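Trainee: Shown below is the structure under consideration.
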Amino acid sequence: MHYALIGGTGVEKLVLTDKSAIRVDTPYGPVNMETGRLGNVDMVFLRRHGQNHTVPPHAINYRGNIWALKEIGVKKILATGAVGSIVSEFKTGDLVLVDQFLDFTKNRPLTFYEGGEHGVLHVDVSEPYCPALRQEILVGAEKLGLKIHHGGVYVCTEGPRFETPAEIRMFRMLGGQVVGMTGVPEVVLARELGLCYASIALITNQAAGISEEPLTHAEVIATMNILGETIAKLVEITCRNQASNQKCACATANKEAGLF
Ligand code: HPA
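In this note's numbering, the protein residues as written are 1240 to 1499.
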């Protein structure tokens, strides 16, 4: 399977046809996912928070998930993630094709290259999200007449709590535009294994202190349920139109592993 969708909050209800459940054993534990078809495209679907949304952001097996996708032959990963908006240009219900991140996670395994027998790798993340895959998503969105913001700085927090208004003010000063809890290290791990990875951030709420109301998970879910179908269409058209030739350097990102 060439393509995988890592579905975050709200995209978990996506249904593949001709689906089968598979389990892949990895050095980081077993990973469950589904293979099947989304419209006309064969793909793998991995629910980031588990089958019944039981795994919180800080406890997700990011390494296992990315390892498992690589193991079964996936080359390109489209990911979705619910986010809060930090800036006034991004409204609830908007989609953002993020292009940079700020990492505020605290306690997650960050790398496959732990030294020793695993080697050391200082992977290049000058362009953390695959530019070729991002372009394909933009083309897909255009075909669907769907508005998507081109680029955005994703702030990843450790969670599982939402942020304080003071934190959100700080993130805004640093150039952050959306805030979520799951984008890092997923994007980095994909690059470490040479996989193309792009992420569509779905704005489910205004970040803390911007909205008058306290943040609730129910608000996030309600917006996501509206966006779920749109995302399915965007993922399908993107994968259907995908150019087969590789126009990015993602696949060779780990060529310096062990050379340091
Ligand atoms: N903060 C962090 N993660 C989120 C948010 C938020 O406001 N909304 C959806 N995921």
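Even glycine gets a Cβ: it sits at the ideal position worked out from N, Cα and C. These figures come from a predicted structure and were not determined experimentally.
Return yes when the C-beta of Met-1420 is under 8 Å from any heavy atom of ligand 1, and no when it is not.
Mentor: Within the sequence shown, numbered from 1, the residue matching residue 1420 stands at position 181. True, at least one ligand heavy atom lies under 8 Å from that Cβ.
Trainee: Which residue wins for smallest C-alpha separation from Arg-1479, given the options Lys-1315, Gly-1320, Pro-1269?
Mentor: Within the sequence shown, numbered from 1, the residue matching residue 1479 stands at position 240. The candidate whose alpha carbon is nearest that of Arg-1479 is Lys-1315.
Trainee: Pull up the DSSP beta-bridge partners for Ile-1387, would you.
Mentor: Looking up residue 1387 in the sequence shown gives position 148. Paired residue(s): none; Ile-1387 is not in a bridge.
Trainee: Using the three-state DSSP reduction, which class does Pro-1269 fall into: helix, strand or coil?
Mentor: For the purposes of this step, residue 1269 is identified with residue 30 of the sequence shown, where counting begins at 1. Here Pro-1269 sits in strand by DSSP.
Trainee: Would you say the beta carbon of Phe-1401 comes nearer than 8 Å to a heavy atom of ligand 1?
Mentor: Taking the first residue of the sequence shown as 1, we reach residue 1401 at position 162. Yes, the beta carbon of Phe-1401 sits closer than 8 Å to at least one heavy atom of ligand 1.
Trainee: Give the DSSP-derived three-state secondary structure of Met-1282 in the structure shown.
Mentor: By one-based count along the sequence shown, residue 1282 stands at place 43. Strand, per DSSP.
Trainee: Looking at C-alpha atoms only, which residue of Arg-1347, Pro-1370, Tyr-1352, Lys-1330 is the closest neighbour of Val-1337?
Mentor: For the purposes of this step, residue 1337 is taken as the residue at position 98 of the sequence shown. Minimum Cα distance to Val-1337 is reached at Pro-1370.
Trainee: Leaving aside the five residues before and after Gly-1244 along the sequence, list all residues of the same chain whose C-beta is less than 8 Å from its C-beta, in chain order.
Mentor: Taking the first residue of the sequence shown as position 1, residue 1244 is located at position 5. With the sequence shown as reference, residue 1244 is identified as Leu, and Gly is not the correct amino acid for it. If we look at Leu-1244 and ignore the five residues flanking it on each side, its Cβ neighbours are Val-1250, Leu-1253, Leu-1277, Met-1282, Val-1283, Phe-1284, Leu-1285, Ile-1316, Leu-1317, Ala-1318, Thr-1319, Val-1474.
Trainee: Using only CA atoms, which one of Ala-1490, Lys-1472, His-1456, Ala-1492 lies nearest to His-1292?
Mentor: Numbered from 1 along the sequence shown, position 53 holds the residue referred to as residue 1292. Among Ala-1490, Lys-1472, His-1456, Ala-1492, the Cα nearest to that of His-1292 belongs to His-1456.
Trainee: When we look at the beta-carbon of Lys-1345 and count the other beta-carbons within 10 Å, is it buried (16 or more) or exposed?
Mentor: The residue you call residue 1345 lines up with position 106 of the sequence shown. Label assigned to Lys-1345: exposed.
Trainee: Using 9 Å as the threshold, is the C-beta distance between Cys-1435 and Cys-1489 below it?
Mentor: Along the sequence shown, read from residue 1 onward, the residue named residue 1435 stands at position 196. Along the sequence shown, read from residue 1 onward, the residue named residue 1489 stands at position 250. In this structure, Cys-1489 lies closer than 9 Å to Cys-1435 by Cβ.
Trainee: When you compare only the Cα positions, how much space is there between Met-1463 and Phe-1340?
Mentor: Taking the first residue of the sequence shown as 1, we reach residue 1463 at position 224. Taking the first residue of the sequence shown as 1, we reach residue 1340 at position 101. Their Cα atoms are separated by approximately 22 Å.
Trainee: Using 8 Å as the cut-off, classify the Cβ of Thr-1248 as near or not near the heavy atoms of ligand 3, replying yes or no.
Mentor: No copy of ligand 3 appears in this structure; the ligands present are ligand 1.
Trainee: So which of Glu-1273, Thr-1265, Asp-1264, Pro-1266 has the shortest CA-CA distance to Met-1240?
Mentor: Here residue 1240 corresponds to residue number 1 of the sequence shown, with the count starting at 1. Measuring from the Cα of Met-1240, the nearest candidate turns out to be Glu-1273.
Trainee: Judging by CA-CA distance, which residue of Arg-1408, Ala-1440, Tyr-1368 is the nearest neighbour of Gly-1246?
Mentor: If you number the sequence shown from 1, residue 1246 lands on position 7. For the residues Arg-1408, Ala-1440, Tyr-1368, the minimum Cα distance to Gly-1246 belongs to Ala-1440.
Trainee: Put Tyr-1368 into one of helix, strand or coil per three-state DSSP.
Mentor: Mapped onto the sequence shown, residue 1368 falls at position 129. In this structure, Tyr-1368 counts as coil in the three-state DSSP scheme.
Trainee: Comparing the CB of Asn-1464 with every heavy atom of ligand 1, is any distance shorter than 8 Å?
Mentor: Working through the sequence shown from its first residue, we reach residue 1464 at position 225. Not so, every heavy atom of ligand 1 lies at least 8 Å from the Cβ.
Trainee: Mind checking who Thr-1319 pairs with in its DSSP beta bridge?
Mentor: As a first step, residue 1319 is located in the sequence shown; it is residue number 80 there, counting from the start. The partner list for Thr-1319 (beta bridge, DSSP) reads Ile-1439.
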